[in-house]
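The structure appears right after this line, and notes come after that.
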Amino acid sequence: MAEVIKMPKLGLSMQKGTIVKWLFKEGEWVEKGEPLLEIETEKIVNEVESPINGILLKIYVHEGETAPILTPLGVIGRIGEKIDIDKEKDEAEEKGKSKDENILNAKEDNKSSKSETILTGEIKASPVAIKYAKKANIEISKIKGTGPGARILKNDVKRYLRENNLPILEGEKYGNEKISPCADHLSKKMGIDIDKIKGSAPGGRIIKKDIEKYIKLNNFKKENLVKQYEYEDKFGKDIGKRIPYSGMRKIIGDRLSQSKFTAPHIYFTTSIDMSKIQKLTDSFKKTSTSNISINDFIVF
Numbered sequence: 051m052a053e054v055i056k057m058p059k060l061g062l063s064m065q066k067g068t069i070v071k072w073l074f075k076e077g078e079w080v081e082k083g084e085p086l087l088e089i090e091t092e093k094i095v096n097e098v099e100s101p102i103n104g105i106l107l108k109i110y111v112h113e114g115e116t117a118p119i120l121t122p123l124g125v126i127g128r129i130g131e132k133i134d135i136d137k138e139k140d141e142a143e144e145k146g147k148s149k150d151e152n153i154l155n156a157k158e159d160n161k162s163s164k165s166e167t168i169l170t171g172e173i174k175a176s177p178v179a180i181k182y183a184k185k186a187n188i189e190i191s192k193i194k195g196t197g198p199g200a201r202i203l204k205n206d207v208k209r210y211l212r213e214n215n216l217p218i219l220e221g222e223k224y225g226n227e228k229i230s231p232c233a234d235h236l237s238k239k240m241g242i243d244i245d246k247i248k249g250s251a252p253g254g255r256i257i258k259k260d261i262e263k264y265i266k267l268n269n270f271k272k273e274n275l276v277k278q279y280e281y282e283d284k285f286g287k288d289i290g291k292r293i294p295y296s297g298m299r300k301i302i303g304d305r306l307s308q309s310k311f312t313a314p315h316i317y318f319t320t321s322i323d324m325s326k327i328q329k330l331t332d333s334f335k336k337t338s339t340s341n342i343s344i345n346d347f348i349v350f
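All you need for this note's numbering is the position in the sequence shown, starting with 1, plus 50.
See the structure below:
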């Protein structure tokens, strides 16, 4: 049976993680216990091992992308095996927002011209499903839940919309983002309108390879291509790299900033005429091989 690889919770304070590197490609065989991918948190970079023997069927979150804990990252299994990834994502989203089951006590008026029935009673639904149903302007009491105890999940609301030929809400993309950070960075550098691009990731989310494909299909000039995080001077040589402000680097910077802006600071200053010392050091430079500076006199 196929198994979903989810973003692990590697610490009590961890809320999300970034994919540093996938150690296998889609279609490759993975042994149980082999390092599968590297994940970076605010404090560490950790390897995640494969839980089973199988083929890496699909990668959902690519290198450089960030996802909340329990988010499906990929699937390992046998050829032909399928898994309801939408349901997996919905459950992950719900668990991340609330571990407890919320009960919606509803007294809803059915305003349909065909019926004036007033619906009352308890309706079990996740907070995510309730919010999604409100956005779609549909009565949640009309939806049949498939979760534990007939609880209504977000996926049930989506199914109801599809079955009734109703439009899926705009902006409901994977990870609540229409475009990944890497793809967004590249599209802005190239001046590409992302509305012209169809995303290939779950939920139609645009990822880096979609931008690269668009660039190739539209015959962008080679000199216009910009490598991620790299910049070139007029001679075509690399002049530096931009390192993402994340992980341990970010947490150290945040703590230093917090100390700077929250702790009281007192500064004492005084003025000293060092003109004679300056003349003396200048004379030493002319007559001595030793390099004597003003700092030497201050220390002395």
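Think of the CB as a built atom: it goes at the ideal place given N, C-alpha and C, for glycine as much as any other residue. Only a predicted model underlies this, so the values are computations on that prediction, with no experimental measurement involved.
DSSP three-state label for residue i, please.
i    : result
I322 : coil
T116 : strand
K228 : coil
A200 : helix
I261 : helix
T68  : strand
A313 : coil
A251 : coil
N345 : helix
I180 : helix
E3   : In this structure the chain extends from 51 to 350, so residue 3 is not present and cannot be described.
M51  : coil
I173 : strand
V276 : Summary for V276: the model assigns pLDDT 46, below 50, so the residue's position carries little reliability, and this model does not support an answer.
K223 : Any reading at K223 must be qualified, since the residue scores a pLDDT of 40, below 50, and its modelled position is unreliable; no value is offered.
I193 : coil
I302 : helix
K238 : helix
E151 : For E151, the predicted model reports a pLDDT of 43, less than 50, meaning its position is unreliable; a value from the coordinates is still stated below. In the structure shown, E151 sits in coil (DSSP, three-state: anything other than H, G, I, E or B).
G297 : helix
N14  : No answer is possible for residue 14: the residues shown for the chain start at 51 and end at 350.
S63  : coil
L330 : helix
K75  : coil
E166 : Confidence at E166 is low in this model, with a pLDDT of 32, below 50, so its placement is unreliable and the value that follows should be read with caution. DSSP places E166 in coil when its eight states are reduced to three.
K246 : helix
V207 : helix
K132 : coil
S307 : helix
T337 : helix
Please go through the same chain and pick out, in chain order, the residues whose beta-carbon is closer than 8 Å to the beta-carbon of residue i, but skip the five residues on each side of it.
i    : result
L60  : G67, I89, T91, I94 and N96
D206 : A179, I193, K194, G195, T196 and G197
S340 : F334
V349 : none
G249 : K223, K228, I229, R255, I256, I257 and D260
M298 : E92, K93 and I94
If you drop the 5 nearest sequence neighbours on each side, which residues of the same chain put their C-beta closer than 7 Å to that of residue i?
i    : result
V54  : P122, V125, I133 and E138
T331 : I342, S343 and I344
F74  : V80, L86 and L106
F347 : I327
I351 : Here the chain comprises residues numbered 51 to 350, so residue 351 is not present and cannot be evaluated.
M324 : I344
I129 : I105
E84  : E99 and S100
Per DSSP, which residues does residue i bridge with? Please list them.
i    : result
K56  : P122
I109 : G124
V95  : E90
V41  : The displayed coordinates of the chain run from 51 to 350. Any statement about residue 41 would go beyond what the structure contains.
P85  : E99
I256 : I229
By Cβ distance, which residues of its chain are closer than 6 Å to residue i, with the 5 residues on each side in sequence left out?
i    : result
I261 : A233, L236 and S237
A183 : I190 and V207
G397 : What is shown of the chain runs 51 to 350, which leaves residue 397 out entirely.
Give a yes or no on contact between the segment 230-247 and the segment 105-115, applying the rule of three or more CB pairs nearer than 8 Å. Touching, yes, given that three or more Cβ pairs across the two stretches are closer than 8 Å.
Should the segment 95-109 be called in touch with the segment 72-85, which here means at least 3 C-beta pairs below 8 Å? Contact between the segment 95-109 and the segment 72-85 is present: 3 or more CB-CB pairs across the two stretches fall below 8 Å.
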